[in-house]
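For the sequence shown, position 156 matches number 200 in the working numbering, and the numbering has no gaps at all. Yeah, the Cβ is synthetic: ideal placement off N, Cα and C, and Gly gets one too. These numbers were taken from a predicted model, which means no experiment stands behind them. Let me begin by presenting the structure, written as structure tokens, before commenting on it.
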Amino acid sequence: MENRIITAKIEVYQYSELLETDKILVERAKSATKTSYSPYSKFQVGAALLLDNGEIVAGSNQENVAYPSGLCAERTVIFYASATYPGVKFKKLAIAAYTDGDFVEEPVSPCGACRQSILEYEKLAGEPIEIILVGREKVYKISGIRTLLPLSFEEF
């Protein structure tokens, strides 16, 4: 038997330490939480995606009483961006969550389905998409989705 240890490198920042372009992306993700349709979970998630052409696209989670028919903010924004700007690479994705009257203390990360979807667009672009996870005080920066999905499902 062999044991393997998988680790993830995550950079932790205070909001004030972010580059201005990252602050803009974070603010767009936070603003997108306001468009969330989440009457069941009361967990509003917003995502903002910086494209290679300089555009920023934002989206939010959309729930449905026929769970799991809803869609997470991450997939909402990447699918919209791909349909609206076909062939344009994704550079950075910021994700923020709001519940109980405030943004969450600790940053939240994408679910497995979103991770796999983000990986699809990394593969199409041939380069990683930087992931920025937003908490009330801390911001996590991750160099690419493979950090969060080390044993990904890929065609062989």
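Note down the Cα distance separating residue 130 from residue 188, rounded to an integer number of angstroms. Within the sequence shown, the letter at position 86 stands for residue 130. Within the sequence shown, the letter at position 144 stands for residue 188. Each residue's Cα considered, the two are about 21 Å apart.
Mind checking residue 120: buried by the 16 CB within 10 Å criterion, or exposed? What you label residue 120 is simply residue 76 of the sequence shown in a count that begins at 1. When all chains shown are included, residue 120 counts as buried.
So, at 6 Å on beta carbons, what are the nonlocal neighbours of residue 57 in its own chain, with the 5 sequence-adjacent residues on each side left out? The residue labelled residue 57 in the question sits at position 13 within the sequence shown. Counting only Cβ-Cβ distances below 6 Å, and skipping sequence neighbours, we find 183.
Using the Cα positions of residue 99 and residue 45, report the straight-line distance between them to the nearest angstrom. Residue mapping note: residue 99 aligns to position 55 of the sequence shown, counting from 1. Residue mapping note: residue 45 aligns to position 1 of the sequence shown, counting from 1. Their Cα atoms are separated by approximately 49 Å.
Which same chain residues end up closer than 8 Å to residue 74 when comparing Cβ atoms and leaving out the 5 residues on each side of it in sequence? The residue you call residue 74 lines up with position 30 of the sequence shown. Excluding positions up to five away in sequence, the list reads 90, 140, 142, 147 and 178.
Taking only three categories from DSSP, how would you classify residue 140? The residue labelled residue 140 in the question sits at position 96 within the sequence shown. It is a strand residue.
Residues in the same chain with beta-carbon distance under 6 Å from residue 209, minus the five sequence neighbours each way, listed in chain order, please. Since the first and last residues shown for the chain are 45 and 200, residue 209 lies out of range.
Contacts around residue 103, its chain only, beta-carbon distance under 7 Å, and the 5 residues preceding and following it disregarded: Counted from its first residue, the sequence shown places residue 103 at position 59. Excluding positions up to five away in sequence, the list reads 76, 91, 117, 120, 121 and 124.
Inter-residue spacing [alpha-carbon to alpha-carbon] between residue 152 and residue 136: For the purposes of this step, residue 152 is taken as the residue at position 108 of the sequence shown. For the purposes of this step, residue 136 is taken as the residue at position 92 of the sequence shown. Cα to Cα, residue 152 sits roughly 16 Å from residue 136.
Which class does residue 90 belong to by DSSP, given the choice of helix, strand or coil? Numbered from 1 along the sequence shown, position 46 holds the residue referred to as residue 90. Strand.
Close Cβ partners of residue 172 (< 8 Å) along its chain, the five nearest in sequence each way excluded: Within the sequence shown, numbered from 1, the residue matching residue 172 stands at position 128. 166, 187, 188, 189 and 190, listed in sequence order.
Assuming residue 162 is part of the alpha helix (DSSP H), what are its boundary residues? As a working mapping, residue 162 is identified with position 118 in the sequence shown. Unbroken alpha helix (DSSP H) run through residue 162: 156-169.
Would you say residue 83 and residue 64 are within 8 Å of each other, going by their C-beta atoms? For the purposes of this step, residue 83 is taken as residue 39 along the sequence shown, with counting starting at 1. For the purposes of this step, residue 64 is taken as residue 20 along the sequence shown, with counting starting at 1. For residue 83 and residue 64, no; Cβs fall outside 8 Å.
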